[in-house]
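Q: Residues -4 to 446, numbered by my numbering, are exactly what the sequence shown covers, in order.
For each residue, glycine too, the CB sits at the ideal point set by N, CA and C.
Note that this is a predicted model, so its numbers are computed, not measured.
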Amino acid sequence: MRRAPFARRLGILLVAVLLAALTMGGCRGSETQKTSAPAETSSIATKLTGPVEVTFWHAMTGKHEEALRTIAENFMKEHPDVRIKLEAQGNYGDLQQKLVAAAKSHTLPVMAQVIETWVTDFRQNGLVADLTPYIENSEIGWSKQELDDIVEVFRKANQWDGKYYSLPFSKSTQILYYNTDYFREAGLQPPKTWDELKEAAKKLTGEKNGRRVIGMGFENSVGWQFHQWVRQAGGRYVDEATGKVLFDSPEGREALGFLVGLFQEKVARLAGEDQYMSNPFGRGDVGMYIGSSAGIPFVAKAAEGNIHWAAAPVPAGKEKAVAFAGNAVAVFDSAKPEEKLAAWLFIKYLLNTDNTVFWAKSTGYLPIRYSALKTKEWEDYVAQNPAYGVGTQQFDYGFFDPRIPGFDAALKEIDKEIQAALLGQKSPDDALKAAAQAAQAAIDRAKERAK
């Protein structure tokens, strides 16, 4: 898989298609795929009475898919009456489109890998099952301790009105990658503040061994990262309750002004044609950059034989704030009661302490449970691979994106305008205003379609 934290942006959110399919007769006559919010669940199946097959649509490939298959096979050994049928659907954009089409044709799988912004739409249209009754059930659920053991920022990202319609699976965060040789030569330690970041970028920029090095790098998806900078300046991006865009503010101007300043002083660059910053960083063209923790394997591959590197927590502004992203798992309400039960039992297994450690080690994602961090297996792994422990140091000040229709489309507009400011094509004030207006329009269009 390539760049999980940005996977949520691989496919444009198909809100119009989904809502048209579900509200204009696409699901008319269906008893299970309703066009209104899910009804309260008074009872659930708690025992399997025979063999059950659970179709699980996902977007995993390569070693990620192999690890998922291993977990499924081990689960089936413990639950011989349940068959987990893994079905890869391509990338996240492909998966999203196929789920929308399946909703229209009443052929949804039992469960799927999802991104939380999708779940908002699915929930509004009665497509996803409320998992709360399973979680709280005394026979098959989690204790309060087991539920609270899930990292808080991940747990909250999967709650709507106090209920769980999905649960966190593959999660990542932003970390600082830095060239240890360049830092040592410049007498630098990993920066902890914006000011230190700027000074380090200046010191790292210049000619090194016949190579022009730029101190600081940024991914092309800088619009998504901009949320983090605004939060660190003490501002907010979007009000999830109302959909109002909030970053055209003093805090937003402070954040963009800081970033633009780095580019104006020619100590920062975008990934550009390299697509991902791991490539120029691995060549030694960039001294440091902020990127996804899920990108560690790509950094390691790009850097092999070229540079020495390490990772550190993201520098802080007025506030400590770090973006977390990734995907979750959900069960569809069209599934039969025992299919939902079997899916829940698999989710419990998938997300237990041992398996979240196995998944993290196999894929580069973060463990989703606090208890995982205290296991000897994880402690030994981090001792040998320190970069993988950096993301977990930021759990206490993590946040997640607004889970509102239109936000993915809004990000594309923000990307365009923020890049224009960084490249000197627009003034920071004009770019920020244009980004806010375009983002608001994208969100408003999605809200209007949802009526």
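Whose CA, out of E147, L171 and T56, lies closest to the CA of D391?
A: For the purposes of this step, residue 391 is identified with residue 396 of the sequence shown, where counting begins at 1. Looking only at E147, L171 and T56, the smallest Cα-Cα distance to D391 is reached by E147.
Q: Return helix, strand or coil for P362, following the three-state DSSP convention.
A: Taking the first residue of the sequence shown as 1, we reach residue 362 at position 367. Note: P362 maps to coil in three-state DSSP.
Q: Taking 8 Å as the threshold (C-beta atoms), are Q223 and Q169 in contact?
A: The residue you call residue 169 lines up with position 174 of the sequence shown. The residue you call residue 223 lines up with position 228 of the sequence shown. Yes, Cβ-Cβ distance for Q169 and Q223 is below 8 Å.
Q: Nearest to A305 by CA position, among Y172, A266 and Y160, is which residue?
A: Reading the sequence shown from its first residue, position 310 is the one you call residue 305. Looking at the Cα atoms, Y172 is the closest of the given residues.
Q: Taking the alpha-carbon positions, what's the V262 to T200 distance?
A: For the purposes of this step, residue 262 is taken as residue 267 along the sequence shown, with counting starting at 1. For the purposes of this step, residue 200 is taken as residue 205 along the sequence shown, with counting starting at 1. When only Cα atoms are considered, V262 and T200 end up about 6 Å apart.
Q: Counting only the same chain and skipping the five closest in sequence on each side, list residues whose C-beta sits under 8 Å from that of S161.
A: Here residue 161 corresponds to residue number 166 of the sequence shown, with the count starting at 1. Around S161: V109, E111, V114, V123, L126, N153, A323, V324 and A325.
Q: Whose C-beta lies closer than 8 Å to the C-beta of V317 among residues of the same chain, with five residues either side of it excluded?
A: Walking along the sequence shown from the start, residue 317 turns up at place 322. The beta carbon of V317 sits closer than 8 Å to the beta carbons of T168, Q169, Q223, P308, V309, Q389, Y392, G393 and F394 from its chain, once the five residues preceding and following it are set aside; these are given in chain order.
Q: Between V240 and A434, how many whole angstroms is the CB-CB distance? I'm expecting something under 8 Å.
A: What you label residue 240 is simply residue 245 of the sequence shown in a count that begins at 1. What you label residue 434 is simply residue 439 of the sequence shown in a count that begins at 1. That pair is a contact at about 5 Å.
Q: Rounded to whole angstroms, what's the CA-CA distance from D424 to P163? Just pull it up for me.
A: Walking along the sequence shown from the start, residue 424 turns up at place 429. Walking along the sequence shown from the start, residue 163 turns up at place 168. Distance from the CA atom of D424 to the CA atom of P163, rounded to whole angstroms, is 37 Å.
Q: Identify every run of the beta strand (DSSP E) within the segment 179 to 250, keeping only runs that are complete inside it and at least 3 residues long; order them along the chain.
A: 201 to 203 and 206 to 213
Q: Are V225 and I399 touching if we call contact CB-CB under 8 Å?
A: Indexing the sequence shown from 1 puts residue 225 at position 230. Indexing the sequence shown from 1 puts residue 399 at position 404. Between V225 and I399, the gap from beta carbon to beta carbon reaches 8 Å or more.
Q: With distances taken between CB atoms, is the gap from A196 to A228 smaller than 8 Å?
A: Taking the sequence shown and counting its residues from 1, one reaches residue 196 at position 201. Taking the sequence shown and counting its residues from 1, one reaches residue 228 at position 233. Taking 8 Å as the cut-off, the beta carbon of A196 is found no closer than this to the beta carbon of A228.
Q: On the three-state DSSP scale, how would you describe L406?
A: Stepping through the sequence shown from its first residue, residue 406 is reached at position 411. DSSP, reduced to helix, strand and coil, places L406 within a helical segment of the structure shown.
Q: Between the Cα of D328 and those of R118, D76, A67 and E408, spot the shortest distance and give me the residue it belongs to.
A: Here residue 328 refers to the residue found at position 333 when the sequence shown is read from its first residue. Minimum Cα distance to D328 is reached at R118.
Q: Return helix, strand or coil for V114, following the three-state DSSP convention.
A: Locating residue 114 in the sequence shown gives position 119, where the first residue counts as 1. In the structure shown, V114 sits in a helix (DSSP, three-state: H, G or I).
Q: Just checking my contact of L427 with D243 at CB under 8 Å: how many whole Å lie between their CB atoms?
A: Here residue 427 is taken as the residue at index 432 of the sequence shown, counted from 1. Here residue 243 is taken as the residue at index 248 of the sequence shown, counted from 1. Indeed they touch by this definition, with Cβ atoms about 5 Å apart.
Q: Enumerated in chain order, which unbroken segments of the beta strand (DSSP E) with a length of 3 residues or greater are wholly contained in the segment 74 to 152?
A: 77 to 83 and 106 to 109
Q: Mapping DSSP to helix, strand and coil, what is E48?
A: As a first step, residue 48 must be located in the sequence shown, where it is residue number 53. Reduced to three states, the DSSP call for E48 is strand.
Q: If you draw a straight line from the alpha carbon of K158 to that of Y129, how long is it in whole angstroms?
A: Counted from its first residue, the sequence shown places residue 158 at position 163. Counted from its first residue, the sequence shown places residue 129 at position 134. Looking at the two C-alpha atoms, the distance is approximately 11 Å.
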